[in-house]
Amino acid sequence: MLRLEKRPNPSKLWLYGTPVMAVILTMIVGGMLFATMGKDPFEVIRTIFWDPLFGEFAFYLRGQLLVKAGPLILIAIGLALGFRAGIWNIGAEGQYIMGAICGAAVGLAVYPTESRWIYPAMVIAGAFGGWAWAMIPAILKTRFHTNEILVSLMLVYVAQTILAKASTGFLKNPEGMGFPGSRNFSSYPAAANPELIAGSGIHWGVVTALAVAGVAWVLLSRHIIGFQIRLSGQAPRAARFHGVNPSKLVVLCMGLSGALAGLAGLFEVTGPAGQITIDFNVGYGFTAIIVAFLGRLNPIGIVFAGVLMALTYVGGEMASTNLGLPSATIQVFQGMLLFFLLGVDVLTNYRIRTFMGGK
Amino acid sequence: MLRRTLLASAALGLGLTLSGGAAMAAGMDKVKACFVYVGPIGDGGWTFQHHDGALQVQAAYGDKVELQWQESVPEGADAERVLTQMALGGCNIIFTTSFGYMDATNAVAAKFPDVKFEHATGFKRDQPNVSTYNARFYEGRAVQGTIAGRMTKSNKIGYIGSFPIPEVVMGINSYYLHAKKVNPAVELSVVWAYTWFDPAKEADAAKALIDQGVDVIAAHTDSTAPLAEAAKTNGAVIGFGQASDMVEYKDGPRVSSIIDNWGPYYVKRVGALLDGTYEQADAWEGIAGGEVLIGEITAAVPAEVKAEAEALRDAIAAGTYHPFTGPINKQDGSAWLAEGATAPDGDLLGMNFFVEGITGDIPQ
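In order, the protein sequences belong to chains A and B.
In terms of numbering that gives the first Met the number 0, the first sequence opens at residue 0 and continues consecutively.
In terms of numbering that gives the first Met the number 0, the second sequence opens at residue 0 and continues consecutively.
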């Protein structure tokens with residue numbers, strides 16, 4: 000008989016061991032899946048995890064990993080701060096969109112002026128857009144006790160509608176022959192976010208993501224606000240006795256995560272994406288939720304989780320193109336990763352006991 | 000710097016070894032043809048038909064062609080990466096099969112001058128190695144509009160728009176004009192789904208139309224969801240197969256279809272690359288060229304309506320009738336085409352207005 004027994008304290012070993020275990024289990028079960036589809040599992044796993052880093056075209060793909068991981072890390076760190084405090088911002092996708100729209104609007108409003116102040120102003124506007132969008136669920140929660148999960152999620156769809164409006168209307172490229180989509184920032188240097196070192200994939204968004212990871216780590220482990228965040232998540236009543244104002248914490252955490260998501264959107268629209276289009280958002284805001292948990296809600300862990308997630312995308316794409324796997328198989332593979340992570344996570348708080356007999 | 004050089008030399012190396020540059024006249028022994036799809040092949044519509052075209056290339060040239068494809072590639076930054084990977088991986092010709100790949104196609108084409116790029120439904124050919132191709136779907140919409148105008152009992156017909164781009168707007172206009180021609184009382188409702196492929200959203204759009212009393216639905220999105228929704232009404236609502244024939248709904252709501260037939264174009268272009276006659280192009284074929292096929296009109300449609308629709312199809316194919324023939328006014332009442340004038344291609348490719356009689360706005 001197997002039985003789960005609650006541990007008196009969460010296991011330190013399993014806290015850090017579960018992500019590794021989850022990746023290994025995903026490789027094994029994923030490999031079996033690939034084998035049933037008639038592919039060589041070792042070749043597929045190698046294509047996904049090894050080739051983008053060390054394969055023939057790694058010189059190009061390593062940079063692309065950073066391009067893909069940058070926004071994921073930036074958003075996930077903001078989300079993790081809230082998640083740690085038990086504040087569930089599920090609408091980062093919407094805040095990402097609004098950040099992109101606000102930032103892009105500032106840049107496009109002054110087109111074609113060339114000034115070194117334009118890009119910093121856009122960055123501020125981007126952060127503001129995401130912050131303001133996150134303030135809606137935050138204030139509704141503190142004032143009217145609405146559920147921030149539902150409100151923030153619903154606002155994603157509102158943001159998507161505004162995005163459609165922006166790309167077909169108020170931000171539409173006047174020289175675009177009536178086609179939806181804004182001007183392309185790559186041809187407007189003052190407002191563009193190009194690669195800082197050509198071919199490296201590193202743009203301002205990647206730099207910011209890494210810097211924010213460092214700051215967040217210090218905040219969580221060394222700063223009083225970090226302590227309050229952790230305390231509120233683990234023991235809300237104790238936190239109140241300790242003088243933590245829950246409303247302030249909601250506003251702070253939602254605002255921070257919104258601003259970071261907005262920044263990610265701004266860096267993406269001015270850099271890799273290049274323009275506001277109707278379907279500019281590709282789900283970074285939702286994927287970042289997985290990244291946050293995969294990284295144990297720890298800023299440094301999130302950096303690794305972001306890169307790992309990017310690897311499954313970029314490598315998965317290669318497996319799909321080169322080995323003819325359907326893209327749905329790759330999505331199943333990514334899903335397995337989260338599934339095993341959550342499944343194995345049980346071991347952090349419980350241990351497995353075996354015992355014989357009837358009692 | 001080093002990496003930039005590497006990328007450039009990789010591109011150059013591939014170009015030299017695989018295609019020999021723009022000056023090649025001798026043709027090639029083997030072509031690696033690659034396809035980028037916006038949805039899954041199993042969408043049963045748009046992407047399914049492009050993939051069918053790709054398979055026709057394989058069938059036509061056998062061993063001389065190697066196929067590679069990537070499904071469900073988002074339009075935007077991801078497309079640029081996929082295209083670069085394909086170009087690095089040795090593709091000689093890359094077909095990018097959705098409008099949203101336009102900027103990515105041109106950006107990657109600039110880095111790989113010896114790889115040929117073919118972009119579907121776009122208008123940008125910034126690089127000499129970028130060609131564009133499209134099909135005159137509005138010709139098929141004229142046939143559908145005729146059937147819709149004759150078949151509707153509520154005099155309310157609907158259209159599920161994907162994105163408000165000229166391609167879709169001209170389809171809506173053509174559909175409406177021909178419904179109106181045979182049934183002056185007809186009213187058109189347009190719902191924008193803002194997606195090419197999302198069965199849930201497409202079903203919602205169809206539901207919204209049915210709730211408004213619409214009994215004939217045309218869709219400009221790629222899945223079979225609108226037909227599935229129409230099937231729930233037990234024959235009260237009919238629709239059309241879009242992009243693909245969608246035969247599985249033949250006994251139900253599907254009364255006809257527009258079939259995108261990309262095969263002939265793909266076979267022609269890859270063939271040109273093989274025999275060395277490839278040149279940059281801007282292709283726009285329709286029913287006459289075989290790129291747009293009208294799927295079988297079922298028995299649910301009365302014989303005289305069927306005959307009328309088929310006569311229209313044949314007139315378009317023969318070149319004796321243009322679906323946009325004046326007099327046609329714009330929605331605001333201003334004149335667009337004078338009596339007997341036909342629409343110039345330029346007007347169609349940039350079409351951003353509804354014709355007179357359609358209510359509602361194009362999202363601006």
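Glycine included, each C-beta is placed from N, C-alpha and C at the ideal position.
If you're wondering where the values come from, they're calculated on a predicted model, not measured in any experiment.
Interface with chain A (7 Å Cβ-Cβ cutoff): R140/B is excluded. Restricted to the segment 292-352 of chain B, the beta strand (DSSP E) segments that are unbroken, complete and at least 3 residues in length are 334-336, listed in chain order. A straight line joining the alpha-carbon of L322/A with that of M245/B spans about 29 Å. Annotation for Q126/B: no alpha helix (DSSP H) segment contains it, and DSSP assigns it neither H nor E. Our two residues, G318/B and S326/A, have alpha carbons roughly 42 Å apart in a direct line. Leaving aside the five residues that flank L265/A on each side, the residues in its chain whose CB is nearer than 7 Å to its CB run, in chain order, G98, A99, G102, M121, V122 and G125. The C-alpha of F196/B is placed about 29 Å away from the C-alpha of A34/A. For K179/B, there is no enclosing beta strand (DSSP E); the residue is found in the alpha helix (DSSP H) stretching over P165 to V181. Secondary structure at W87/A: coil, using DSSP grouped into helix, strand and coil. For A76/B, the residues of chain A that pass the 9 Å Cβ criterion are V66, K67, E267, G270, P271, A272, G273 and V281, in the order they occur in the chain. Every alpha helix (DSSP H) stretch that sits fully inside the segment 210-237 of chain B and reaches 4 residues is listed by chain position as 224-230. Q241/B is the residue among E79/B, D210/B, Y174/B and Q241/B whose C-alpha sits nearest the C-alpha of T46/B. The beta-carbon distance between Q55/B and V215/B, rounded to whole angstroms, is 32 Å. This is too long to meet the 8 Å contact definition. Under a criterion of Cβ atoms nearer than 9 Å, the residues of chain A adjacent to V81/B are, in order, E316 and T320. Within 9 Å of the CB of K38/A, no CB atom of chain B is found; the nearest one sits about 15 Å away. Following the DSSP letters along the chain, one finds Y349/A inside the beta strand (DSSP E) bounded by residues Y349 to T353.
Near chain A, meaning a CB-to-CB distance below 7 Å, the residues of the segment 178-198 of chain B are Y193. Taking 7 Å as the cut-off between beta carbons, the residues of the segment 150-164 of chain A near chain B are A163 and K164, in sequence order.
When DSSP assignments are scanned along the segment 65-130 of chain A, the uninterrupted stretches of alpha helix (DSSP H) that are 4 or more residues long and fall wholly within it turn out to be 91-108.
Counting every other CB atom within 10 Å of its CB across the protein chains shown gives V217/A a total below 16, marking it as exposed. Rounded to whole angstroms, the separation of the alpha carbons of I89/A and L149/A is 8 Å. Along the segment 229-246 of chain B, none of the residues has a CB nearer than 9 Å to a CB of chain A. Residue pairing by DSSP places D259/B opposite V291/B in a beta bridge.
Contact between A21/A and L340/A is confirmed by a C-beta separation of about 4 Å, below the 8 Å threshold. CA-to-CA, the gap between S222/B and E201/B works out to about 8 Å. Note that the C-beta distance between Q67/B and T320/A is below 7 Å.
Rounded to the nearest angstrom, the gap between the Cα atoms of Q274/A and M150/B is 43 Å. Annotation: Cβ neighbours of N183/A in chain B (cutoff 8 Å, chain order): D102. Residue pairing by DSSP places H118/B opposite T95/B and T131/B in a beta bridge.
Annotation for C90/B: no beta strand (DSSP E) segment contains it, and DSSP assigns it neither H nor E.
Here the segment 181-200 of chain B makes no contact with the segment 127-135 of chain B; the two share fewer than three CB pairs at distances below 8 Å. In the DSSP assignment, A34/A falls within the unbroken alpha helix (DSSP H) covering K11 to T35. Taking a Cβ-Cβ threshold of 7 Å, none of the residues of chain B is close to T286/A; the smallest such distance is about 12 Å. Contact between the segment 63-72 of chain A and the segment 236-253 of chain A is absent: fewer than three C-beta pairs spanning the two stretches fall below 8 Å. Inclusion of F98/B and E117/B in the CB contact set at 7 Å is not warranted, their separation being larger than that value. For G339/B, the closest C-alpha among the options G345/B, L348/B and N328/B is that of N328/B.
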